[in-house]
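Residue numbers (my numbering), protein chains in the order written: chain A, 1 to 169; chain B, 1 to 709; chain C, 1 to 416; chain D, 1 to 104.
Glycine residues also receive a C-beta, built at the ideal position from the N, C-alpha and C atoms.
Computed from a predicted structure; not experimentally measured.
Remarks on the structure that follows.
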Amino acid sequence: MQPVATTFFFYLLAGLAVLGGVLVITRRNAVHSALALILTLLSLAGLYLMLYAPFVAGVQIILYAGGIMVLFLFVIMLVSIEKSQKEEQFNKLWLVGLLAAIALGGLFIGVYVKGKALFPEAKVVLEEGNNTQGIADYLYGHYLFTFEIASLLLLVAIIGAVVMAKKRI
Amino acid sequence: MFFLDHIWLIPLFPAFGAAVMFFFGRKLQKQTVSIVCVGMVALSFLWACGAVWQYQGWAEANHHQPFQKVMFTWLGTDTGHMNYTTHDGTLAPFQADAGFLLDPLSAIWLLFVTGVGLLIHIYSTGYMAHEGGYYRFFGYLNLFMFSMLTLIMGNNYALMFVGWEGVGLCSYLLIGFYFHRPAASAAANKAFIVNRIGDAGFLLGMFTIAWYFGSLRYVDVNLLARSGHFNIGDPIITAATLLLFVGACGKSAQLPLYVWLPDAMEGPTPVSALIHAATMVTAGVYMVARSNALFVLAPTSMKTVAIVGALTAIFAASIGLVQNDIKRVLAYSTVSQLGYMFLALGVGAFAAGVFHVFTHAFFKALLFLGAGSVIHAMSGEQDMRNMGHLAKKIPTTYRTILIATLAIAGIPPFAGFFSKDEILWQTWSSEGGAYRILWLVGFITALMTAFYMFRLVFLTFYGKPRMDHEVEHHIHESPKSMTVPLVVLAVCAVCAGWLGWPHSLGGSNRFEHYLDPVFAREAQVFQEEGKEAQLVAGEKEEKHTNPLEYGLMFLSVAAAGVGFGLARRYYAAADKGYAEPIEQAAPPVYRTLQNKYYVDEAYDYVFTGRRKIGDVRLGAMGLGEASSWVDAKVIDGTVNGAGRITRLSGKISSWWDKWIIDGLLVNGLALITHPLSWFARLLQWGLVQWYALVMVVGLVGFVAYYAWR
Amino acid sequence: MPDFLTAYLQSNVTPGEAGSAFWALIYVLIVFAGISVAVMAMNWLERKALAHFQIRLGPMRVGPHGLLQPIADAIKLLTKEDIVPSAADKFVFWLAPLIILCASFTTYIVVPFGRAHAITDLNIGILFMLGVSSLSVLGVVMAGWASNSHYPLLGALRSSAQMVSYEIAMGLAVVSAVLMTSLNPSGTGTLSMIGIVQAQEAQQTWFVFKFFPLGFIALGVFAIAMVAETNRAPFDLPEAESELTAGFHTEYSGLRWSLFMLGEYAAMIAVSSIAVTLWLGGWLRPFPHWLAGQSWDLVFSLFPGLLFLGLAAIAFVGVGRMPKHPYFKIQTAGLAGFGAVLGLIGVVLFIPPVRDRVQDIFWFIAKVAVFMYLYIWYRATFPRYRFDQLMKVGWKVLLPVALGVLLLTAVAGILF
Amino acid sequence: MEALGQISTLHYLVLAAALFVLGVIGVLTRRNVVIILMSIELILNAVNLNLLAFSRLYGLHGQVFSIFVITDAAAEAAVGLGIIIAFFRNKETVNVDEVDLMKW
């Protein structure tokens, strides 16, 4: 279906995403940071829908918001946060870091503005109804090897996580 | 053939009883304990009777071969992995079976061990009824039965050694049964340690046999020994037999290793009767008899056995003359009688020795059990000086002890007469004048035996009562469970000797004929080779039926009579503070005898190291201490001196290494490098976020460069 | 304007497909109200059914046979004092029930009550449902953490571990059903909820009977996992009264607590509708091919009206059995009125256009109702699992079984 | 609304850049490891947004890649959180600048 009120929703969701991002890096309490990150992720999922990527949006919700962030919350509850709340939140290099990152951002904007002409104006027609099937075709066809490697990565990650987190092997 | 085929069950019955006691004994009732343990021994006895009975039939059909039942190979393999080289360079597999052998010799032992053992078990249920550790006692007794049966039924020396050690262990455990008494525990240790000397001899002898004959089985060894390949007087066989005899000395309490047996009387009286009189101490005799084929090949060993036996007999008997403890008198009597047995073996009268073992088992067990009954009646009093006038009060005990005394003193027709007379006659009739001296020794011993045994009877049952009033009031006859075995043993003590009624008195000496398959073949060998031999037992007797034998017989009976007369004269009316005749006649002799010739003290000085002069320890231990001092002061001092010099040089070298090499050359360089490397350190600061920052700065730089190039 | 309204009603598409924001809004309101009423009815039904399981009467005082009990409960909860623990994280404490509620209700966007009776038909429908329902874990964790209390935290940890674990088995079971949708000549399956039901219609079988027993096992795995997913007995460890007082919502009371309840029951209905859609043919009536034809269609389309008439009859029988004492006059009248309303609805349902349009919804709801009754039945029957047993069942039984079913389904799909 | 104009790819790119920079700032300045990990997630999402924005121009490849990126994020979160738990168990802290055993 055709997205409605694109401009409004873009600015709404973009604003929420940036707000969430800012909250992530400024909150003292890690749980609040995580919740802010969830806000960002959900806003991005909305933006993905607007970009004709419903499958990625669904995966974003089920995997990021429903899976990874629960893991984060879990770990935050395991490591006591009272102590770290009272400590200094930013390291001694924070000013340098901030400046460097802002320089990077400025650089990005500059590059985009400079290279704006390089993007094709015509958009590809993305069949929304066949989105999942299209991704599946690529995943199990063109990117099959990559897909297998990704599964291997997940296996290694499972083993690694167990080895790291277990008290005694 | 059922019993014969399952002969292996005979030792396993008491083993089962012992196992039950070991695992569950603590929780069982006394009655259950009695039923299990006595029942197991009774089963063994019945099984043994059945097996011996069936063996008769089997032997008739098989040329009087020994019956063997091999269960499995216990030590060694059939694969040749455990071969060893014998003296002539051939390989022999090291193999010891868990196998059982039944022939007339082991049959006799089997019967009287299980029989007397059963009676003593029954007796113990009465004697131990009020003691603590009831299940422990019966568990040990059953374990002893198992070990003893293994010893006599094994078909090789290794299995015999298992039983040998097993009975040693049980002896230790039972002597120390009252382990809270220091004397008992010391006696147990003494028995165990002294036996260890003998066991070492046995082991060496066993190894020698294995090395020389290539096998440990009796059958193989006997076959080789009788094959005629070996000369009489073969030095190796002499050595082997002497070593075996050392083992026998230890187990059967011969000079000089007899010292443990009198002390072993610290154990409960049934134990003294079973282990230290009737069965275990005859293991040495059994072993020598079992090795007869070897011993006849070594005349030197035979002489040694005979002389040691005779000396032990008179030595122990003389000590027994003056002992006052009723059990000690019997203990020395046992040592003395064992000496008789070895005397018989030593002069080649194997059958006579075995016969004496057989009769002795009954009357000595009876004496000990009777003594136990007396002690029971006297509320634990063992000193004969405090007894007297008991004949009327405990009549059954009195009568049975009297029968046993008559038997041991050699009064016809009691059992001891036949066996002892046989030994003395065989000694007299052996070749050579020296053996006549041995006969004289035996004769004097018989006189002494009669004297001290009747002394025991008179002091205990006649004369005036010398005990406390309190004790006198409590005297009572023992319960049925104790008296019935006494009566049964008394009947045996009368009748057992009739099995060996000699030809000279119109008998047929069935006992010796029964043993012919084991011993007679030796006689054959000697006769055929025509060599000078000290015996030709079976044949000789029939030839020498001459008046001299009757004379000797009369002499020994007369000696018994003289002993009786002397004892009656001095002790029949003994009252408190009665006089010892020997003390009055020759006080130094009395003191020497009273102190057992100071043998224990001598051992203390020479071996145990318990005696000191000043700070210097005497004897073998003293020698050890001296060499220890030399080792500690001289040798170690030298070593330590060398060590100190090394340490000093090490310190110097270490100082050089630390300050010059490390300090100046290594650390010095590092100290210079440290400030110089500050810039390089910025790249590897150890702070992760610093790395990220560097990355971002680099990224900015690169992107900027490529964007606005 | 009437044209605008009737034009949509005569079409056979969902409001989303029609692009009609107005009808979408109407549908959203209807669904929201319907679910709320269903939750209340469910609440009453659960109490009554449990009571009868346990040989007692249950609520009897408020209204005839306690029919008005849910309303009384709602008024009580709404007027209760709203307590927030002083040490709680206020914002998160406030946010948690809302997240659960939103997550539960958002899933209804794609639930197909009928061919035309879904708010919209998303291409990724089933994925969307799983994803959104998995967001309720966040609400549970937040509630547990924000309460700043021991029992809620433990309950939240248990709950999140349990839900994350069972989500995997659940997802695998769902995938095996989705795999079945691709068994058509074109070879492409679908994730769309409506598409799945249509695939069952096209293949002339409900997926529960497809490749018997594979579909049945997959439904079994899903049915177990969905009970765990909604924290209901026998997997109600996060709310185990005897161990954790009330689990993650111990510190909640009043309105917020009722939001949790609402969310829980809404989630139960949502997962049950997933099961019905995926395996039990969604809105399809029983035996559409065996008992085919115009007359059978008519007979089956009479069911909804008959049901309501039956309910009305029960109500009137109840009226007849009411005590004749004057005290019960109002109650008797009320019950009679209730019966009259039910009868009226039944009569309306016989009107042909309404009848045609509503029978899909009826069959869907009937199937869901079976699952709802099963929920109550489980709760009355099964003892609670221990936590390690729960994890063992999830990881060592359901996961391998679901994986095996998926593989076998793929093999069967290739072979047949 | 229309004053802001049609939303073009550049809008998405700028939004992605903003999120990326926020993530980088978080990584560079925060001491709490958990928040640093979350910032990394932010960076990954910015990348995803970029990929999807470009997939609007060049076809489905970008979407496929974003799936891979999400997979990667899941793996990274699992291992990273495992490391954090091990780290916390050993040092009782979650501050990244206290991990200095390798520092001389």
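My guess is that C/Leu278 and C/Val174 are in contact by the Cβ rule of under 8 Å, so how many angstroms apart are they, rounded? The C-beta distance from C/Leu278 to C/Val174 rounds to 6 Å, short enough to fall under 8 Å.
Residues bridged to B/Ile613 (per DSSP): Paired residue(s): B/Val616.
Can you grab the Cα-Cα spacing for the pair B/Pro675 / B/Asp657, in whole Å? Computed Cα separation, rounded: 25 Å.
Are the CB atoms of D/Val94 and A/Ser33 within a distance shorter than 8 Å? One thing to note: A/Ser33 has its Cβ no nearer than 8 Å to the Cβ of D/Val94.
Chain B contact for A/Gly97 (CB, 8 Å cutoff): Yes, A/Gly97 counts as interfacial toward chain B.
Would you say A/Leu16 reaches chain B, if we count a Cβ-Cβ gap shorter than 8 Å as a contact? It does not: the Cβ of A/Leu16 has no partner Cβ on chain B nearer than 8 Å.
Separation of C/Val28 from C/Val319, as counted between CA atoms: Rounded to the nearest whole angstrom, the C-alpha separation of C/Val319 and C/Val28 is 36 Å.
Please classify B/Ile401 as buried or exposed, where buried requires at least 16 neighbouring CB atoms within 10 angstroms. With 16 or more other Cβ atoms within 10 Å, it is buried.
Which one or two residues does DSSP pair with B/Asp97 in a beta bridge? Note: B/Asp97 sits in a beta bridge opposite B/Thr73.
Please list, in chain order, the chain A residues whose beta carbon lies closer than 8 Å to that of D/Ile85. Proximity of chain A to D/Ile85 at the Cβ level (cut-off 8 Å) is accounted for by Val75, Leu78, Val79, Met164, Ala165, in chain order.
As a quick exercise: from B/Leu311, B/Met145, B/Phe100, B/Met341, pick the residue whose alpha carbon is nearest that of B/Ala51. Closest in alpha carbon position to B/Ala51, among B/Leu311, B/Met145, B/Phe100, B/Met341, is B/Phe100.
I want to see whether chain D comes within less than 8 Å of A/Val70, judged by CB atoms only; does it? No, A/Val70 lies away from the interface with chain D (no Cβ there is under 8 Å from its Cβ).
Which residue wins for smallest C-alpha separation from B/Ala317, given the options B/Tyr598, B/Lys327, B/Tyr332, B/Ile326? Out of B/Tyr598, B/Lys327, B/Tyr332, B/Ile326, B/Tyr332 has the C-alpha closest to the C-alpha of B/Ala317.
Using only the alpha-carbon positions, how far apart do A/Phe9 and C/Asp121 sit? The alpha-carbon atoms of A/Phe9 and C/Asp121 are separated by roughly 21 Å.
Let me know the secondary structure DSSP gives B/Tyr705 once reduced to three states. It is helical.
When you compare the segment 332-348 of chain B with the segment 308-324 of chain B, are there three or more beta-carbon pairs, one atom per stretch, that lie closer than 8 Å? Here the segment 332-348 of chain B lies against the segment 308-324 of chain B, with 3 or more beta-carbon pairs under 8 Å apart.
Cβ neighbours of B/Gln524 in the same chain (closer than 8 Å, five flanking residues each side left out): Confidence at B/Gln524 is low in this model, with a pLDDT of 46, below 50, so its placement is unreliable and no value can be given for it.
Just how far apart, CA to CA, sit A/Ala101 and B/Trp708? The alpha-carbon atoms of A/Ala101 and B/Trp708 are separated by roughly 19 Å.
Can you check whether the CB of C/Leu390 is closer than 8 Å to the CB of C/Phe235? Taking a C-beta distance under 8 Å as the contact criterion, C/Phe235 and C/Leu390 qualify as a contact pair.
Using a Cβ cut-off of 8 Å (strictly closer), state whether B/Leu687 contacts chain D. Under the Cβ distance rule, B/Leu687 counts among the residues neighbouring chain D, one pair being separated by less than 8 Å.
Can you confirm whether A/Lys116, when its beta carbon is compared against all beta carbons of chain B, has any partner nearer than 8 Å? Cβ-Cβ to chain B under 8 Å: no for A/Lys116.
Between the Cα of C/Val208 and the Cα atoms of C/Val276, C/Gly337, C/Val141, which residue gives the shortest distance? Taking only the C-alpha atoms, the option nearest C/Val208 is C/Val276.
D/Arg30 bridges to which residues according to DSSP? The partner list for D/Arg30 (beta bridge, DSSP) reads A/Phe90.
Any beta carbon from chain A within less than 8 Å of D/Ile7's own beta carbon? Contacts with chain A at 8 Å (Cβ-Cβ) include D/Ile7.
With B/Asn83 as the anchor, note down where its beta strand (DSSP E) starts and where it stops. For B/Asn83, the enclosing beta strand (DSSP E) starts and ends at 83-85.
Consult DSSP for A/Gln133 and reduce its assignment to one of helix, strand or coil. Three-state result, A/Gln133: helix.
Three-state secondary structure (DSSP) of B/Gln68: Here B/Gln68 sits in strand by DSSP.
C-beta neighbour in chain B for A/Ala231, strict 8 Å: The structure shown has nothing for residue 231 of chain A, since chain A only spans 1 to 169.
Leaving out the 5 sequence neighbours to the left and right, which residues in its chain are closer than 6 Å to C/Val31 when beta-carbon positions are compared? By the criterion of a C-beta distance shorter than 6 Å, C/Val31 is surrounded in its chain by Tyr108, once the five residues flanking it on both sides are discounted.
Return the Cβ separation of B/Ala278 and B/Phe146 in integer angstroms, given the expectation that the two are a contact with Cβ distance under 8 Å. Not really, about 17 Å apart at Cβ, beyond 8 Å.
Simplified DSSP state of B/Leu102, which is helix, strand or coil: Of the three classes helix, strand and coil, the one that applies to B/Leu102 here is strand, per DSSP.
By the criterion of Cβ-Cβ separation under 9 Å, what are the contact partners of D/Val105 in chain B? Any answer about residue 105 of chain D is impossible in this case: the structure gives chain D only from 1 up to 104.
Give the secondary structure of B/Arg217 by DSSP, where H, G and I count as helix, E and B as strand, and everything else as coil. The answer is strand: DSSP assigns B/Arg217 an E or B state.
Does A/Ile135 come within less than 8 Å of chain D when only Cβ atoms are used? A/Ile135 counts as touching chain D.
Where B/Ala264 and B/Gln382 are concerned, what is the direct C-alpha to C-alpha distance, given to the nearest angstrom? A direct Cα-Cα distance of roughly 14 Å separates B/Ala264 from B/Gln382.
For B/Thr427 and B/Leu28, what's the separation of their Cα atoms in angstroms? Looking at the two C-alpha atoms, the distance is approximately 53 Å.
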